[in-house]
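Peer 1:
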Amino acid sequence: MKNGKSGTIVRYNRWAYIFLIPFMVVFIVFQLIPLVNTIYNSFFEHYMSGLKEIGPNFAGLANYGELFKGGDLLKYFGNTMIMWILGFIPQILVSLILGAWFSDPSLRLKAQPFFKTVIYLPNLIMASAFSMLFFTLFADTGPINQLLTGLGVFKEAYSFMSHVGSVRGLVAAMNFLMWFGNTTILLMAGMLGIDTALYEAAEVDGATSSQVFTKITLPLLKPILIYVMITSLIGGLQMFDVPQILTNGSGDPMRSSMTLIMFLNKHLFSKNYGIGGALSVCLFFITSILSFIVFRINNAGDN
Amino acid sequence: MEKKEKGLSVGTRRTIAYVVLAIISFLCLFWFYMLLINSTRSHAELGRGFRLIPGGYMIANLKGMLNGTQPILNGLLNSVIVATCTAALSVYFSTLTAFAIHAYDFKLKKPLFTFILAIMMIPTQVTALGFIQLIRKMNLMNSFIPLIIPAIAAPITFFYLKQYMETALPHELLEAARIDGASEITIFNKIALPIMVPGIAVQLIFTFVSSWNNYFTPALVLVDNDKKKTLPILIAMLRAADFLKFDMGIVYMTIAFSIFPVVVVYLLLSKYIVGGVAVGAVKG
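So the sequences go chain by chain: A and B.
Residue numbering for the first sequence is 1308 to 1610, as defined by the numbering used here.
Residue numbering for the second sequence is 572 to 855, as defined by the numbering used here.
#1: So which of 1432(A), 1392(A), 1605(A) and 1417(A) has the shortest CA-CA distance to residue 776(B)?
#2: What span of residues does the alpha helix (DSSP H) with residue 1362(A) cover, start to end?
#3: Starting from the C-beta of residue 854(B), find all residues in its chain whose C-beta is less than 6 Å away, skip the five residues before and the five after it, and write them out in chain order.
#4: Given that residue 1345(A) touches chain B, what residues does it touch there, using C-beta distances under 9 Å?
#5: Which first and last residues belong to the beta strand (DSSP E) in which residue 1353(A) is found?
#6: What first and last residue would you give for the alpha helix (DSSP H) that runs through residue 1415(A)?
#7: Just mark residue 1415(A) as buried or exposed, buried being the case when its beta carbon has 16 or more other beta carbons within 10 Å.
#8: Interface residues of chain A around residue 737(B) at Cβ under 7 Å?
#9: Excluding five sequence neighbours on each side, which residues of the same chain lie with their C-beta closer than 7 Å to the C-beta of residue 733(B)?
#10: Should residue 782(B) be flagged as near chain A, meaning a C-beta pair shorter than 8 Å?
#11: Step through the CB atoms of chain A and report whether any lies within less than 8 Å of the CB of residue 810(B).
#12: Taking only runs that begin and end inside the segment 1438 to 1487 of chain A, name each unbroken alpha helix (DSSP H) of 4 or more residues, in chain order.
#13: In the DSSP assignment, the alpha helix (DSSP H) including residue 694(B) goes from what residue to what residue?
#14: Please report the distance separating the alpha-carbon of residue 1539(A) from that of residue 1505(A).
#15: Can you look up residue 776(B) in the DSSP assignment and give me helix, strand or coil?
#16: Evaluate residue 728(B) with the Cβ neighbour count: other Cβ atoms within 10 Å of its Cβ, from every protein chain shown; 16 or more gives buried, anything less gives exposed.
#17: Tell me which residues share the same chain as residue 1361(A) and place their Cβ nearer than 6 Å to its Cβ, disregarding the 5 neighbours each side in the sequence.
#18: Would you say residue 845(B) lies against chain A (beta-carbon separation less than 8 Å)?
#19: Taking the alpha helix (DSSP H) that residue 605(B) belongs to, which residues open and close that run?
#20: Is the distance from the Cβ of residue 823(B) to the Cβ of residue 610(B) below 8 Å?
#21: Cα-Cα, which of 801(B), 731(B) and 806(B) is closest to residue 688(B)?
#22: Looking at residue 787(B) and residue 1341(A), is the spacing between their C-beta atoms short of 8 Å?
#23: Short of 9 Å Cβ to Cβ, which residues in the segment 1424 to 1441 of chain A face chain B?
#24: Might you give, ordered along the chain, the residues of its own chain that have their beta carbon closer than 8 Å to the beta carbon of residue 843(B), omitting 5 neighbours on each side?
#25: Name the chain B residues whose beta carbon is nearer than 7 Å to that of residue 1361(A)?
#26: Can you list, in chain order, the residues of its chain whose CB lies under 7 Å from that of residue 648(B), leaving out five sequence neighbours each side?
#27: Counting only beta-carbon atoms, is residue 1524(A) nearer than 8 Å to chain B?
#28: Between the beta-carbon of residue 635(B) and the beta-carbon of residue 821(B), is there less than 8 Å?
#29: Between the C-alpha atoms of residue 1338(A) and residue 800(B), what's the straight-line distance to the nearest angstrom?
#30: Chain A beta carbons: is any one of them nearer than 8 Å to that of residue 732(B)?
#31: Shortest alpha-carbon distance to residue 1547(A) belongs to which of 1534(A), 1554(A), 1401(A) and 1569(A)?
#32: At least one CB of chain A closer than 8 Å to the CB of residue 852(B): is that the case?
#33: May I ask you to verify whether the segment 593 to 608 of chain B touches the segment 827 to 842 of chain B, counting CB pairs closer than 8 Å and requiring at least 3?
#34: Sorted by chain position, which residues of the same chain lie with C-beta nearer than 6 Å to residue 1541(A)'s C-beta, five sequence neighbours on each side aside?
#35: With a floor of 4 residues, list each alpha helix (DSSP H) that falls wholly inside the segment 629 to 687 of chain B, ordered by position along the chain.
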């Protein structure tokens, strides 16, 4: 028999479904339907030839074949990864050191709120405006060249925008500046969560600060480090604003800084629905696998 | 190496830490300082060389920017409208979704929570193609609606607020309100929302800033009318235009105009923002 109390609880709980309606409706309309539609598009020949629309005609996996043909996709994937790694390595190293210093009670660093505020600042800056700023500062006649030629470092202005290394380096530097503060704060939170008794025991045993760092902090930080790495990799695969603005969408010199999403963006603007769809599906699968790993890490504590 | 390390006293390590922190702070701030200085100098002054002190052309550059070919004030207004509506809707409905999962016991509670976590990392770019086709079919191209409404389903905002709710909103409080005869909608609006204000404030700021800075989706949706474009698109148009014809003082002023509103808000609220980053980011 249903008693009064459980009856009212059931009546209350019905509200959960009502409150979930907005999220679910918006998710289905603006994310799920577009996703299904994107996958559907990837199997059709559908593009613009001048002003004429070709298709949609069912094409099976032809778009995927077309996408992988010629090696452009691999080249752009390589560009994206190179620029991500160039930014990520200094990011993780600096963040580990800063995190260790901020969370080390024996150092008693003063002005911590100031430093944290400063290092987090670039994360909130509009990436497109930041990239535009770097473009103007590093232009051939820009202030950085004026400074470096003035100091005698260069004999004549160095054209940062026409060398592969400097364009990739600038993109990586901006990504580093924008993300190391965020990573520092995450790692620091992880470090503060480590049982202080471990550090006290190490101190009694006469361990040096570098031994404490490599033998205690790093191993215990491993789950957070993996989390940071994979979320950064997912972010890296989405790299767009910075190289897009810096190179005006060209990915020059010689498409060496063209990322996967810049490539996708080109297809979207020229209404290449078939190839664009196939590229989206590939990106979707890569990020899904990576997300699944993050998801498992986040839920590891529950099991 | 090991022996050397042992010799380092706390004082030495502290000094190294301060020096490194000073260098890194310089690396973070230098660009914005340059931007500030250059936006106060005239085109001719900028051509003459690198300077560290401000010039006297701030007002002139500001006027030049406002009277220029780009509808910067429209851009500012559009960005404010889109970011404010996005932040308000996204945070209100994310709190509501978090409340539904937190406050009730229902059959699909666990599967739905897992589902939302699972879709958290899907980037908007991979569904952009289908999204734009849908928006075109709905006749919503060049409208702000496709930039604002989708933010109602924001799994990351939801996750943060759900984590926050676990510590901030005890079930006993909800029970007490029910005994007093409050409806579930009243309980959410009058009890849960006010208690969640600190967490909501953090997410309002984050959502506002990410919408303010967003370039990819607005650039696909707001294509035809320059007066309806947001600031990041205007910045991209500035980059795409023939650069040498521009007054560089005005270019710097335009960049500063897009960046500094967020910097000012950030500096005023940095205590809450920096503190809010780590919470809810990593579970356990």
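Where a beta carbon is used, it is the ideal one built from N, C-alpha and C, also for glycine.
Model, not experiment: these values are computed from the prediction.
Peer 2: So, to answer that:
#1: 1432(A)
#2: Per DSSP, residue 1362(A) belongs to no alpha helix (DSSP H); it is in the beta strand (DSSP E), 1359 to 1365.
#3: Confidence at residue 854(B) is low in this model, with a pLDDT of 38, below 50, so the placement of that residue should be treated as unreliable; the coordinate-derived value is given next. None.
#4: 697, 698, 699, 700, 701, 702 and 704
#5: 1351 to 1356
#6: Per DSSP, residue 1415(A) belongs to no alpha helix (DSSP H) and is neither H nor E.
#7: exposed
#8: Correct list: empty, because the minimum Cβ distance to chain A is about 13 Å.
#9: 669, 672 and 673
#10: no
#11: yes
#12: 1450 to 1457
#13: It is not in any alpha helix (DSSP H) - residue 694(B) carries neither H nor E in the DSSP assignment.
#14: 29 Å
#15: helix
#16: buried
#17: 1354
#18: yes
#19: 581 to 609
#20: yes
#21: 731(B)
#22: no
#23: 1424, 1425, 1426, 1427, 1428, 1429, 1430, 1431, 1432, 1433, 1434, 1435, 1436, 1437, 1438, 1439, 1440 and 1441
#24: 769, 772, 773 and 776
#25: By Cβ distance, chain B contributes nothing, its closest Cβ being about 16 Å from residue 1361(A), past 7 Å.
#26: none
#27: no
#28: yes
#29: 23 Å
#30: no
#31: 1569(A)
#32: The predicted model places residue 852(B) with a pLDDT of 49, which falls under 50 and marks its position as unreliable, so this point remains unresolved.
#33: yes
#34: 1594 and 1597
#35: 629 to 637 and 643 to 674
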